[in-house]
Amino acid sequence: MSLRTRLRRIWRIARWEVSLGSTSLDRQTLLAGVALLLLAGGIAGAGLALGVDGLSPTQDIYRVGIDDDSPYYNVVADHAALSPQEPDREKLETGELDLIVAPAGNSGTVSLTVGGDDGEGVVEAGALGQSTVSVAHAPTEKGTAALTSFRAAVQGYNDRLMALEPNRTAAYPVSVRLQYRPQSSPTGARGGGSSETDAGSDDGTDTEGGDGAADDGSDGSNGGSDNDQSTDDDTNDGSTGDANLDVDDERDDPDVDNDDDSLLDGLLSGGNSQGSPAEISPPFPFSSLVLAFVFLVPMNFIIQAYGGTILNERINRRGELLLVAPIQRLDIVAGKTLPYLLAAVVAITGISLGVGGGLLSVAAVLPIALAFLASTFVGAMFARSFKELTFVTVTVSVFLTTYVFVPAIFTNVTPIALISPLTLVVMELQGEAVGLGGYVFATAPFFLGSTILFLLGVGVYREEDMFTQKPVPLKFLDAIDARLRGPKSVAVASALTIPFVFIGELLAIAALYVMPIEITVPLILVTIAAIEEVAKSIHIYAGIESDRFDRSIKTALLLGGLSGLGFFVGEKFTAIAQIVGLPELVLGQATLTPAGVTPATTLALFLGPLVLHTVTAAISALGARKDFRWYLVAMLAATLVHAAYNFAVVSAYV
Amino acid sequence: MIRVSGLRKTYGDFAAVVDSSFEVETGEIFGVVGPNGAGKTTTLKMLAGLIEPTAGTAEVAGFDAEDPAMRHRLGFLPEESPLYEDMTPTSYLTFFADLYDVPRGVAKSRIAETLDRLDLEYRDRRIGDMSKGMKRKVAIARSLINDPDVLIYDEPASGLDPLTTNSVLEFTRELRDDDKTVIFSAHNLYHVESVCDRIIIMNEGRIIARGTVEEIRDEYGETTYHVFSDIDLPETEPTSDDRHRAVVDSMGEVETLQDAAADAGGSVVDIRTHEPSLEELFLDLTGRQMAGPRTAAATKPVGDKGVDTAADTAGEPEESP
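Take a look at the structure:
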């Protein structure tokens, strides 16, 4: 069958899948949905047209007695929770007013200092330019709350005025800019422009001093006009500098990205690292959170629909007729997957454009989408009901979200972050360069893993497996067995487990690296040994259980040897970790070096992993030839041998 | 048109089909009958390329059953054929025509013609809103969309009302006139007897009888004689019309009864012969099967004819799949 014919059939199935999806919603549901959307849009539009905004449950909840000519009048009038009333002290006592502000002062920027004993219901003066006011509140809890709200209103009012002030130095005499520097990276790919700075102290903090004009706040707007008194002091010693305005410096500084191209730029800056001291926020990984949210949420909807369509084919043998049509199983799966993959690509592209990303962002998130689809496909092939499918999709979502989200938090902190393709997106948005090695490191496990998962699922996309109600573990074994042929295929299968082993090990590193190294290293060495032993032996067990291989000791040893060899060869691909400098970390050395990542300096060290893998795989295979219980016991023994080897190598070389 | 040789399917220790061998000629309607779990459906699915045989070969229309090219020549109607209920018959059949590379114009006329023959009126109604019989007709139409040489029908009339059943059976007979080769499986032996040219009877995975219904009757059935006398004899039992009846297996026994009646002062007043129905043969044959272990180990190849029982094969050397 020619490739063109196959592609044509795949396209037909994809079109059919789309038409099935579109017809599964009945017209009434569609009409109801459209009507609801129109209704919601109409209400929102009407609200906007009528100027109904700022509705709040606390609207005008506090009644404030204040004269119209008071400089605080606008403060009260502009605040949603405060309602200006005629000032009358008697009403304060009767509870008709919650707060009284008097007497009125002159206009201009206001500043309020409130003191005194709240319990008596009256507080002392505040300062307003050259005026003072007295603020009294009712002797109730509501009165106290009204006072708190009034304070916030004054603060907000002043902030708004300051923000409108053209003289930035006057408005914000002290300006701070923080620069976060990544930990050392051998490639230099990390950090990019952010590592360059023309100023800053050793701790990476660059504080630009002002002229101290805000000490008492008394100069108000007038003080702000005196630009020449501002300072430029990188060392934060408070000394007076030249007349060069810091604001201007920031605008010209290429290191500072003031570009406001996208809506989310402000959200994606990783905390606010410049501005007045009050505006500085800690480097919370907000960008990663937002990215994880905006990229991963659509994936969840897509996999729900995708898992449903795959399981639908299995319910009541509906997909049997496709299987008997002149189409290859792989093409059926490709055709059914294509619409969902395209939907994911469209969503990714749209989101990337929305957050200001580019091609790299799309290329980075695409393998994540593939992993979502591939995992869901396999899960839907194993699930026996929609209930189980729900469990599968939730598990897939949680695991993949965790895997791509948690490391991305540490984008500027550690090279481990690069195990997540989402980190590439963060780096692109931050203007950092991403090398090909970094891209391959972050995405190759996803691409390879997704391919293998799809092939695994296609292996059981057949009559004998699709419509049976076997438990999930048995279906998993069937899926593995479907991909085995002769003993040589065991070696290939072992090599193909590498992406999953890699993902598992990197996830373990990411999860454990924050712990003290003396605890983490032993723990992770055992964990990794267990992961690798499972990867090397599970297909041997599947093959023996299905009677594909006989249960003789000779066969078990042969299969174990081949599995170890295949795994050893496949493991060499983990050398990609070198590219991003992961082995530079102590933990990386402990976890990757003993497995033979680093080019061996001696033949013994090179052959050590080969011997290890063949021996331990043979141990597990010997157990697998008996039964499941013996298989577990043998695998435990193999894990212990493997872990002991790891400890020995780590002790010797790290 | 169909050649099956040594076909076997085992699942672990369980043998679903054991060394089946048979041939089906072009234009023949070939019945596969047997009780539940006899291996009929597994056999049909191996022929359709849906299930990979553990051993043996199946050739359909000159292709190996597992060759995807064979499927262009095959129409398959499974016992359960759930359709996509949100589609209409026309769109559903058009999609399958597309998959079988049937040109759009040909597909359109073929769909119309087939639905006419099946007397299906509501062609643009949602399939989910149709009756079971109408859905079955849509499924039958789908099996014909590629104008196949070979049709495999597994319980085509299962669960249908008598009117629709007759319609389906009549349609199946018409397929023979179109020179189609049909493999027909059914639980209802009347359907099989009324439609099939030849049959095989399967039990516990193996073919236990084969041939035309007449051949099977001749070989495995026994003609019995119902002898009615006007006098009570030790071998007879009274009937509702004051006569006495005895059932014997041979004319010699009939003559013995005639002599006994005469000796007692009476006579034989009526003698009737009884040919066993396929259902009786089926029950007789499958009832004979001894409940031996149904494992891959307890099997042997089946000859062209004859009843193979588990007892016959007990102690046979184990065969590798």
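Protein chains in written order, with the working numbering: chain A, 1 to 654; chain B, 1001 to 1321. For glycine and all other residues, C-beta sits at the position ideal for the given N, C-alpha and C.
By alpha-carbon distance to B/Leu1118, the top candidate from B/Arg1125, B/Gly1133, B/Ile1127 and B/Gly1105 is B/Gly1133. Distance from A/Leu453 to A/Val378 at the Cβ level is roughly 5 Å; contact confirmed, criterion being Cβ atoms closer than 8 Å. Chain B places a beta carbon closer than 9 Å to that of A/Arg9, counting this residue as a contact. In the DSSP assignment, B/Lys1009 falls within the unbroken beta strand (DSSP E) covering Ile1002 to Tyr1011. For A/Asp331, there is no enclosing beta strand (DSSP E); the residue is part of the alpha helix (DSSP H) that begins and ends at Arg329 to Gly354. If the five residues before and after B/Ile1002 are omitted, its C-beta is found closer than 6 Å to the C-beta atoms of Val1024 and Val1060, all from its own chain and listed in chain order. Spatial neighbours of B/Ile1271 in its own chain (CB-CB distance under 8 Å, excluding positions within 5 residues in sequence) are listed in chain order as Tyr1225, His1226, Val1227, Phe1228 and Val1254. The bridge partners DSSP lists for B/Pro1238 are B/His1244.
When DSSP assignments are scanned along the region 1156-1213 of chain B, the uninterrupted stretches of alpha helix (DSSP H) that are 4 or more residues long and fall wholly within it turn out to be 1162-1177 and 1189-1195. By the criterion of at least three beta-carbon pairs nearer than 8 Å, the region 1149-1157 of chain B is in contact with the region 1075-1084 of chain B.
Contact note: B/Leu1151 does not reach chain A at a C-beta cutoff of 9 Å; the least C-beta distance is about 12 Å.
Of the residues assessed, A/Lys387 falls on the exposed side of the cut-off, its CB having fewer than 16 other CB atoms within 10 angstroms.
In chain order, Val501, Gly504, Glu505 and Ala508 place their CB closer than 8 Å to the CB of A/Ile531, counting only its own chain and leaving out the 5 sequence neighbours on each side. Residue contact with chain A for B/Asp1086: present (Cβ-Cβ distance below 9 Å to some residue of chain A).
Taken atom to atom, the span from the alpha-carbon of A/Asn312 to that of A/Leu373 is near 16 Å. Under the Cβ distance rule, A/Arg160 does not count among the residues neighbouring chain B, no pair being separated by less than 9 Å.
Rounded to whole angstroms, the separation of the alpha carbons of A/Val534 and B/Phe1282 is 52 Å. Interface with chain B (9 Å Cβ-Cβ cutoff): A/Leu311 is excluded.
Look at A/Ser149: its C-beta is not under 9 Å from any C-beta on chain B. In the DSSP assignment, A/Leu82 falls within the unbroken beta strand (DSSP E) covering Leu82 to Gln85.
With 16 or more other Cβ atoms inside 10 Å of its own Cβ, A/Leu496 counts as buried.
Residue environment for B/Met1251: exposed (fewer than 16 other C-beta atoms within 10 angstroms of its C-beta). Here the region 344-357 of chain A does not lie against the region 437-453 of chain A, with fewer than 3 beta-carbon pairs under 8 Å apart. In this structure, the straight-line span from the alpha carbon of B/Arg1071 to that of A/Thr468 is close to 23 Å. DSSP links B/His1274 through a beta bridge to B/Thr1224. Contact annotation: A/Arg318 and B/Asp1098 have beta-carbon atoms that are not nearer than 9 Å.
DSSP lists B/Leu1077 and B/Phe1184 as the bridge partner or partners of B/Tyr1153. Annotation for B/Asp1259: the continuous alpha helix (DSSP H) segment containing it runs Met1251 to Asp1263.
Here A/Met299 is not near A/Ala364, since their CB atoms are 9 Å or more apart.
If the five residues before and after A/Lys91 are omitted, its C-beta is found closer than 6 Å to the C-beta atoms of Leu97, all from its own chain and listed in chain order. When DSSP states are grouped into helix, strand and coil, B/Ile1231 belongs to the coil group. Pairing B/Val1033 with B/Ile1201 gives a Cβ-Cβ distance under 9 Å. For the pair A/Tyr157 and A/Val64, the CB atoms are not nearer than the 9 Å cut-off.
Per DSSP, B/Ser1267 lies in no beta strand (DSSP E) and is assigned neither H nor E. A/Leu565 is the residue among A/Leu565, A/Ile524 and A/Ser420 whose C-alpha sits nearest the C-alpha of A/Val492. Annotation for A/Arg483: Gly459 place their beta carbon closer than 6 Å to its own, counting only its chain and skipping 5 residues before and after.
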